[in-house]
Amino acid sequence: MTEVPLRTRPPAAYPTHVPLSGLQKGALAVLSAAGAALRPQRADLVATVGETSAGPALAAIKRRMLRDPEGRRVLEDRPRVREDLLASARRAPPNSFGAAYAAFMDGRGFSPDERPPALEFVQTGLPMTGLAVVAGELRLAAPLRKELNSVFLPWALQAGSHAADLMCIYYEQHLEDDLEEMRRRYRIITAPVPTQGVTYASHQGKLGSLPGGAAA
Numbered sequence: 001m002t003e004v005p006l007r008t009r010p011p012a013a014y015p016t017h018v019p020l021s022g023l024q025k026g027a028l029a030v031l032s033a034a035g036a037a038l039r040p041q042r043a044d045l046v047a048t049v050g051e052t053s054a055g056p057a058l059a060a061i062k063r064r065m066l067r068d069p070e071g072r073r074v075l076e077d078r079p080r081v082r083e084d085l086l087a088s089a090r091r092a093p094p095n096s097f098g099a100a101y102a103a104f105m106d107g108r109g110f111s112p113d114e115r116p117p118a119l120e121f122v123q124t125g126l127p128m129t130g131l132a133v134v135a136g137e138l139r140l141a142a143p144l145r146k147e148l149n150s151v152f153l154p155w156a157l158q159a160g161s162h163a164a165d166l167m168c169i170y171y172e173q174h175l176e177d178d179l180e181e182m183r184r185r186y187r188i189i190t191a192p193v194p195t196q197g198v199t200y201a202s203h204q205g206k207l208g209s210l211p212g213g214a215a216a
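Take a look at the structure:
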């Protein structure tokens with residue numbers, strides 16, 4: 001790979017692409033990250049951090065997926081986890097992955113577009129997900145912050161590093177698979193039960209605007 005100096009802009013990758021030099025990307029990422037941490041409702045700043053900082057991580061994810069047969073199929077088909085997948089999951093048999101997924105999402109009012117950012121950071125290495133964890137923690141009440149650091153963050157780090165590569169799972173094709181078999185196959189560590197008795201709904205207004213879906 002040809003080295004590009006920090007001050008040199010690379011060629012455009014597509015007609016509407018506005019290339020930035022390494023120095024410009026770094027400055028834009030830092031300033032946008034600071035702004036997103038202070039004002040997480042600014043979706044434009046959150047998106048800018050993701051776009052300017054994700055290049056190496058995305059390249060690494062693609063290499064991993066190309067080495068995996070199921071991951072290659074995901075890259076070829078480019079499936080999207082959307083509301084229609086959730087509708088299909090609701091029709092899956094009891095005790096299946098799809099049924100458990102639908103119950104989890106519906107019971108918490110989650111959107112299929114959200115991801116737990118701490119686990120996602122371990123699995124993908126995307127800097128934006130790490131920022132979501134840090135910024136989200138700063139906005140939590142003290143009891144919730146304590147539980148996050150003592151219970152859920154250790155779980156997320158262990159679960160993310162122990163599990164199979166979650167980017168290489170073609171989820172749409174496993175909705176009817178037995179849930180316990182899925183957990184064994186992909187080495188999934190189930191999440192702990194909250195000890196604070198806190199529900200997502202009770203804090204949705206306070207946490208719902210965190211960057212990267214940090215409320216998840």
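Position one of the sequence shown corresponds to residue 1 (full-length UniProt numbering), numbered consecutively onward.
We put the beta carbon where it would ideally sit given N, CA and C, even for glycine.
Computed from a prediction, not measured in an experiment: that's the story for all the values here.
| field | Closest residue to Ala191 among Trp155, Gly26, Gly71 (Cα-Cα distance) | value | Trp155
| Assuming Glu172 contacts Pro79 under a Cβ cut-off of 8 Å, what Cβ separation, rounded to an integer in Å, is found between them? | 5 Å
| request: Assuming Arg64 and Met167 form a contact by the criterion Cβ under 8 Å, report the distance between their Cβ atoms to the nearest whole angstrom. | output: 7 Å
| query | Do Ser88 and Leu179 have their CB atoms nearer than 7 Å? | reply | no
| task | Ignore the nearest five residues each way along the sequence and tell me which others in Val81's own chain have a CB closer than 7 Å to its CB. | result | Pro112, Tyr171
| Three-state class that DSSP yields for Ser21 in the structure shown | coil
| said: Below 8 Å on the Cβ atoms is my contact criterion, and I expect Leu66 with Leu58 to pass it. Report the Cβ-Cβ distance as a whole number of Å. | reply: So it is not a contact: roughly 13 Å between Cβ atoms.
| By how many angstroms is the C-alpha of Val193 removed from the C-alpha of Val30? | 35 Å
| request: May I ask you to report which of helix, strand or coil DSSP gives Ser88? | output: helix
| Name the DSSP beta bridge partners of Asp165, please? | In the DSSP output, where bridge partners are listed per residue, Asp165 has none listed.
| What is the rounded straight-line gap between the Cα of Ala118 and the Cα of Asp84? | Low per-residue confidence applies at Ala118: pLDDT is 49, beneath 50, and the placement is therefore not dependable enough to give any value.
| Quick one: is Arg91 near chain C, going by C-beta distance under 7 Å? | No chain C appears in the structure shown, which is made up of a single protein chain.
| message | Taking the beta carbon of Gly109 as the centre, do at least 16 other beta carbons fall within 10 Å, making it buried, or is it exposed? | response | exposed
| Beta bridge counterpart(s) of Asp178 as assigned by DSSP | Ser96
| For Ala164 versus Arg184, is the C-beta distance shorter than 7 Å? | no
| query | Any idea if Leu23 is buried or exposed, counting beta-carbon neighbours within 10 angstroms, 16 or more meaning buried? | reply | exposed
| task | Return yes when at least one heavy atom of the ligand MN lies under 6 Å from the C-beta of Gly35, else no. | result | In the structure shown, the ligand MN is absent, as is every other ligand, since no ligand is present at all.
| task | Name the residue from Arg90, Arg72, Asp68 whose alpha carbon lies nearest to the alpha carbon of Ala102. | result | Arg90
| said: If I measure Cβ to Cβ from Arg73 and keep anything under 8 Å in the same chain, skipping five residues before and after, which residues do I get? | reply: Tyr170
| request: State the DSSP-derived secondary structure class of Pro154, mapped to helix, strand or coil. | output: helix
| request: Could you check the C-alpha separation between residue 217 and Ile189 for me, to the nearest Å? | output: The structure shown does not extend to residue 217, since the chain is modelled only from 1 to 216, so the question has no answer here.
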